[in-house]
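Numbering (the numbering used here), first residue to last: 1 to 233.
Everything below concerns the one structure shown next.
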(Lines of atoms letter the chains of each structure in order from A and count residues from 1; the text may use other names and numbers.)
(Lines give C-alpha, C1' and ligand atoms only; values in the text may rest on other atoms or scores of the structure.)
Protein backbone atom coordinates (compact mmCIF):
# COMPACT_ATOMS: atom_id res chain seq x y z
CA UNK A 1 0.00 0.00 0.00
CA UNK A 2 1.34 3.45 -0.95
CA UNK A 3 2.23 5.82 1.85
CA UNK A 4 -0.15 8.75 2.53
CA UNK A 5 1.00 12.06 1.09
CA UNK A 6 1.89 13.39 4.53
CA UNK A 7 4.01 10.36 5.36
CA UNK A 8 5.86 10.52 2.04
CA UNK A 9 6.67 14.21 2.41
CA UNK A 10 7.90 13.80 5.96
CA UNK A 11 9.89 10.68 5.06
CA UNK A 12 11.61 12.54 2.22
CA UNK A 13 12.49 15.52 4.42
CA UNK A 14 13.81 13.30 7.20
CA UNK A 15 15.88 11.31 4.74
CA UNK A 16 17.17 14.46 3.06
CA UNK A 17 18.27 15.97 6.36
CA UNK A 18 20.12 12.77 7.29
CA UNK A 19 21.73 12.47 3.86
CA UNK A 20 22.84 16.11 3.75
CA UNK A 21 24.39 15.70 7.20
CA UNK A 22 26.12 12.49 6.13
CA UNK A 23 27.46 13.49 2.71
CA UNK A 24 27.12 17.28 2.56
CA UNK A 25 25.01 19.23 0.09
CA UNK A 26 27.38 18.79 -2.85
CA UNK A 27 27.80 15.00 -2.66
CA UNK A 28 24.24 14.13 -1.70
CA UNK A 29 22.16 12.78 -4.58
CA UNK A 30 18.41 12.63 -5.01
CA UNK A 31 18.78 8.89 -5.62
CA UNK A 32 20.35 8.49 -2.18
CA UNK A 33 17.59 10.56 -0.54
CA UNK A 34 14.90 8.53 -2.31
CA UNK A 35 16.47 5.24 -1.28
CA UNK A 36 16.77 6.36 2.34
CA UNK A 37 13.13 7.54 2.32
CA UNK A 38 11.88 4.35 0.70
CA UNK A 39 10.27 6.14 -2.25
CA UNK A 40 11.01 6.48 -5.94
CA UNK A 41 13.21 9.27 -7.25
CA UNK A 42 10.25 10.65 -9.18
CA UNK A 43 8.29 11.02 -5.94
CA UNK A 44 10.98 13.28 -4.53
CA UNK A 45 10.77 15.49 -7.62
CA UNK A 46 6.97 15.72 -7.27
CA UNK A 47 7.49 17.69 -4.08
CA UNK A 48 10.83 19.40 -4.68
CA UNK A 49 11.78 19.71 -8.38
CA UNK A 50 15.53 20.06 -7.75
CA UNK A 51 18.06 18.94 -5.16
CA UNK A 52 18.78 22.58 -4.40
CA UNK A 53 15.12 23.21 -3.65
CA UNK A 54 15.03 20.18 -1.36
CA UNK A 55 18.12 21.44 0.46
CA UNK A 56 16.45 24.83 0.84
CA UNK A 57 13.40 23.13 2.35
CA UNK A 58 15.53 21.27 4.89
CA UNK A 59 17.26 24.50 5.97
CA UNK A 60 13.97 26.40 6.12
CA UNK A 61 12.50 23.76 8.40
CA UNK A 62 15.65 23.79 10.53
CA UNK A 63 15.24 27.56 10.87
CA UNK A 64 11.56 27.09 11.73
CA UNK A 65 12.51 24.61 14.45
CA UNK A 66 15.10 27.07 15.77
CA UNK A 67 12.51 29.85 16.08
CA UNK A 68 10.00 27.45 17.60
CA UNK A 69 12.54 26.53 20.27
CA UNK A 70 13.22 30.21 20.98
CA UNK A 71 9.49 30.92 21.27
CA UNK A 72 9.04 27.97 23.63
CA UNK A 73 11.93 29.15 25.83
CA UNK A 74 10.54 32.68 26.00
CA UNK A 75 7.05 31.35 26.76
CA UNK A 76 8.39 29.15 29.56
CA UNK A 77 10.61 31.89 31.00
CA UNK A 78 13.78 29.91 30.26
CA UNK A 79 15.09 32.82 28.15
CA UNK A 80 14.57 36.45 29.17
CA UNK A 81 13.02 38.77 26.62
CA UNK A 82 15.87 41.08 25.66
CA UNK A 83 17.77 41.74 22.46
CA UNK A 84 20.98 40.45 24.07
CA UNK A 85 19.41 37.14 25.12
CA UNK A 86 17.85 36.64 21.68
CA UNK A 87 21.21 37.31 20.02
CA UNK A 88 22.97 34.78 22.25
CA UNK A 89 20.27 32.15 21.71
CA UNK A 90 20.31 32.58 17.93
CA UNK A 91 24.11 32.42 17.62
CA UNK A 92 24.28 29.25 19.72
CA UNK A 93 21.49 27.59 17.78
CA UNK A 94 22.93 28.43 14.37
CA UNK A 95 26.32 27.05 15.36
CA UNK A 96 24.59 23.81 16.35
CA UNK A 97 22.66 23.37 13.08
CA UNK A 98 24.74 22.42 10.02
CA UNK A 99 23.84 24.47 6.96
CA UNK A 100 22.28 27.39 8.81
CA UNK A 101 25.66 29.02 9.32
CA UNK A 102 26.04 29.49 5.55
CA UNK A 103 22.56 30.96 5.42
CA UNK A 104 23.23 33.41 8.25
CA UNK A 105 26.57 34.41 6.73
CA UNK A 106 24.78 35.30 3.50
CA UNK A 107 26.38 32.72 1.23
CA UNK A 108 24.69 32.36 -2.16
CA UNK A 109 23.47 28.82 -1.49
CA UNK A 110 21.25 29.92 1.40
CA UNK A 111 17.57 29.13 0.82
CA UNK A 112 15.31 31.51 -1.01
CA UNK A 113 13.21 33.55 1.40
CA UNK A 114 15.45 32.59 4.30
CA UNK A 115 15.76 36.22 5.41
CA UNK A 116 12.62 35.93 7.52
CA UNK A 117 14.86 35.86 10.57
CA UNK A 118 16.76 37.95 11.08
CA UNK A 119 14.97 40.34 8.73
CA UNK A 120 11.28 41.28 8.68
CA UNK A 121 10.57 39.26 11.82
CA UNK A 122 13.41 40.93 13.70
CA UNK A 123 12.25 44.39 12.58
CA UNK A 124 8.83 43.56 13.98
CA UNK A 125 10.22 42.21 17.25
CA UNK A 126 12.49 45.24 17.77
CA UNK A 127 9.58 47.59 17.02
CA UNK A 128 7.45 45.79 19.63
CA UNK A 129 10.22 46.02 22.20
CA UNK A 130 10.74 49.71 21.43
CA UNK A 131 7.04 50.39 21.88
CA UNK A 132 7.25 48.79 25.32
CA UNK A 133 10.44 50.65 26.32
CA UNK A 134 12.63 47.53 26.42
CA UNK A 135 15.39 48.85 24.15
CA UNK A 136 17.18 52.17 23.93
CA UNK A 137 15.93 54.98 21.72
CA UNK A 138 17.78 53.87 18.61
CA UNK A 139 16.46 53.48 15.03
CA UNK A 140 15.10 49.98 14.41
CA UNK A 141 17.22 49.59 11.26
CA UNK A 142 20.41 50.25 13.26
CA UNK A 143 19.54 47.63 15.87
CA UNK A 144 18.70 45.03 13.21
CA UNK A 145 21.91 45.78 11.33
CA UNK A 146 23.92 45.47 14.55
CA UNK A 147 22.18 42.18 15.34
CA UNK A 148 23.10 40.82 11.92
CA UNK A 149 26.69 42.07 12.16
CA UNK A 150 27.25 40.60 15.63
CA UNK A 151 25.61 37.34 14.63
CA UNK A 152 27.58 36.97 11.38
CA UNK A 153 30.88 37.78 13.04
CA UNK A 154 30.21 35.48 15.98
CA UNK A 155 29.17 32.58 13.76
CA UNK A 156 32.22 33.05 11.54
CA UNK A 157 34.60 33.02 14.53
CA UNK A 158 32.71 30.20 16.24
CA UNK A 159 32.97 27.97 13.18
CA UNK A 160 36.70 28.66 12.87
CA UNK A 161 37.41 28.09 16.56
CA UNK A 162 34.70 25.93 18.22
CA UNK A 163 36.56 25.85 21.54
CA UNK A 164 35.97 29.61 21.93
CA UNK A 165 32.21 29.46 21.43
CA UNK A 166 31.44 30.12 25.11
CA UNK A 167 33.65 33.22 25.13
CA UNK A 168 32.11 34.39 21.84
CA UNK A 169 28.56 34.00 23.15
CA UNK A 170 29.37 35.89 26.35
CA UNK A 171 31.05 38.72 24.43
CA UNK A 172 28.20 39.05 21.92
CA UNK A 173 25.58 39.10 24.67
CA UNK A 174 27.44 41.73 26.73
CA UNK A 175 28.06 43.92 23.68
CA UNK A 176 24.43 43.97 22.60
CA UNK A 177 23.11 44.36 26.15
CA UNK A 178 25.32 47.35 26.92
CA UNK A 179 24.49 49.03 23.62
CA UNK A 180 20.77 48.45 23.08
CA UNK A 181 18.96 46.83 26.01
CA UNK A 182 17.44 49.08 28.67
CA UNK A 183 18.88 48.05 32.05
CA UNK A 184 15.84 49.56 33.81
CA UNK A 185 13.19 47.70 31.79
CA UNK A 186 9.96 47.35 33.77
CA UNK A 187 8.86 43.71 34.26
CA UNK A 188 5.32 44.82 33.46
CA UNK A 189 6.50 46.12 30.07
CA UNK A 190 8.28 42.81 29.40
CA UNK A 191 5.11 40.91 30.24
CA UNK A 192 3.05 43.14 27.95
CA UNK A 193 5.48 42.78 25.03
CA UNK A 194 5.97 39.02 25.30
CA UNK A 195 2.71 37.84 23.65
CA UNK A 196 3.34 40.15 20.68
CA UNK A 197 6.92 38.94 20.31
CA UNK A 198 5.74 35.33 20.45
CA UNK A 199 3.18 36.09 17.77
CA UNK A 200 5.91 37.55 15.55
CA UNK A 201 8.08 34.45 16.03
CA UNK A 202 5.18 32.10 15.27
CA UNK A 203 4.35 34.09 12.11
CA UNK A 204 7.98 33.71 11.01
CA UNK A 205 7.76 29.96 11.62
CA UNK A 206 4.60 29.79 9.49
CA UNK A 207 6.31 31.64 6.64
CA UNK A 208 9.36 29.37 6.72
CA UNK A 209 7.17 26.26 6.66
CA UNK A 210 5.14 27.67 3.75
CA UNK A 211 8.37 28.38 1.86
CA UNK A 212 9.68 24.87 2.47
CA UNK A 213 7.20 23.24 0.07
CA UNK A 214 5.60 25.87 -2.17
CA UNK A 215 5.96 24.02 -5.46
CA UNK A 216 3.29 21.41 -4.85
CA UNK A 217 0.34 21.53 -2.42
CA UNK A 218 0.52 18.67 0.06
CA UNK A 219 -1.17 17.63 3.27
CA UNK A 220 2.21 17.29 4.96
CA UNK A 221 2.41 18.61 8.50
CA UNK A 222 5.78 20.32 8.35
CA UNK A 223 5.43 22.69 11.30
CA UNK A 224 7.59 21.76 14.31
CA UNK A 225 4.42 21.69 16.46
CA UNK A 226 0.93 23.14 16.55
CA UNK A 227 0.91 26.88 17.00
CA UNK A 228 -0.01 27.70 20.60
CA UNK A 229 -2.79 30.15 21.30
CA UNK A 230 -1.49 33.57 22.30
CA UNK A 231 -2.82 34.74 25.65
CA UNK A 232 -3.19 38.54 25.67
CA UNK A 233 -1.23 40.32 28.37
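In this text, a Cβ means the ideal position worked out from N, Cα and C, and glycines have one as well.
All values reported here derive from a predicted model rather than from experimental measurement.
- Our two residues, residue 145 and residue 152, have alpha carbons roughly 10 Å apart in a direct line.
- Collapsing the DSSP output to three states places residue 181 in a strand.
- Taken through DSSP and simplified to helix, strand or coil, residue 39 comes out as coil.
- Fewer than three pairs of CB atoms, one per stretch, sit closer than 8 Å, so the segment 128 to 139 makes no contact with the segment 150 to 168.
- Distance from the CA atom of residue 189 to the CA atom of residue 179, rounded to whole angstroms, is 19 Å.
- Under the DSSP assignment, residue 158 falls in the alpha helix (DSSP H) whose first and last residues are 140 to 160.
- Here the segment 222 to 230 makes contact with the segment 194 to 209; the two share three or more CB pairs at distances below 8 Å.
- By the neighbour-count definition (other C-beta atoms within 10 Å, threshold 16), residue 196 is a buried residue.
- Apart from sequence neighbours up to five positions away, the residues of its chain that approach residue 60 with a beta-carbon distance below 6 Å are 111, 208, 211, 212, ordered along the chain.
- A direct Cα-Cα distance of roughly 16 Å separates residue 65 from residue 18.
- Inter-residue distance for residue 131 and residue 125 is about 10 Å (C-alpha atoms, whole angstroms).
- Segment contact: the segment 80 to 97 against the segment 40 to 47, fewer than three CB-CB distances shorter than 8 Å; contact not assigned.
- The beta carbon of residue 175 lies closer than 7 Å to those of 150 in the same chain, with the five residues before and after it left out.
- For the options 186, 92, 191, 74, the alpha carbon positioned closest to that of residue 163 is the one of 92.
- In this structure residue 167 is exposed. Its beta-carbon is surrounded by fewer than 16 other beta-carbon atoms within 10 angstroms.
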